[in-house]
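First comes the structure, then the notes that go with it.
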Amino acid sequence: MIQKAQFVVSNTNPGNCPKPDRAEVAFIGRSNVGKSSLINMLTGKNDLAKTSQKPGKTQLINHFMINDRWYLVDLPGYGFAKVNVKVKQGWENMISTYLTKRENLCGVFVLVDSRLEPQKIDLEFLLWCGTEGVPAALVFTKADKQSKTKTDQNIRKFLKKMEEIFEEAPDYFITSAENGQGKEQLTTFIEELVQEYESGEII
């Protein structure tokens, strides 16, 4: 479990990230998917990641040290509606460089809003991860915002799309930042990734 979480550094250049000397997991998703709220829920700190009603709040690569042992990274969202094209391209280059070049990255959690039907932008991003060999898992957010039936329906549709793209659907978690749903399963999975990395199984 996460006992200690502290902010380390924010930057726009993947080359300036902390030394890759320990396991690292990253969180990414479409703007306003509830990423900061989820990170705060997982770490038990309400203000660790800055939450905002306004999409595109995270514009930097934010590193947090967890339990003095591994890094949690909050990445800028993809699919911004209201930033100019040049800024958007800059962010996309930054994100893709980080995801493909960061050698200690052992897991990327792609956040998907469970209230929505499968979105093209999420599917395209996951296809890109698969093509580039980025180790991605799915986190469905905001599960408390509608009935369990509706959540399950949307998730089933999304996983079916994933099976059409890949031979099998990736690992996935159903979460709610409001009521803590999925916290235990997700932190256990991250702990396993960190242990695998530390035991040298992931090169």
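Going letter by letter, the sequence shown gives residues 23 to 225 in this note's numbering. All C-beta atoms in this analysis are idealised placements derived from N, C-alpha and C, irrespective of residue type, glycine included. Quantities reported herein were computed from a predicted structural model and do not represent experimental measurements.
Flag this pair as yes or no: are the beta carbons of Ala48 and Leu160 separated by less than 9 Å?
-> no
State the DSSP-derived secondary structure class of Arg52, mapped to helix, strand or coil.
-> strand
Is Asp193 helix, strand or coil when you go by DSSP?
-> coil
What is the rounded straight-line gap between the Cα of Leu208 and the Cα of Lys182?
-> 22 Å
Tell me, to the nearest whole angstrom, how far the beta carbon of Arg91 is from that of Arg44; I am working on the premise that it is less than 8 Å.
-> 7 Å
Classify Cys151 as helix, strand or coil using the three-state DSSP reduction.
-> helix
Cut-off 7 Å between Cβ atoms - residues of its own chain near Met63, not counting five sequence neighbours on either side | Ala199, Gly202 and Lys205
In the structure shown, what three-state DSSP assignment does Ser86 receive?
-> Residue identity check: residue 86 is Phe in the sequence provided, not Ser. The answer is strand: DSSP assigns Phe86 an E or B state.
In angstroms, rounded to a whole number, what distance separates the CA positions of Glu220 and Cys128?
-> 10 Å
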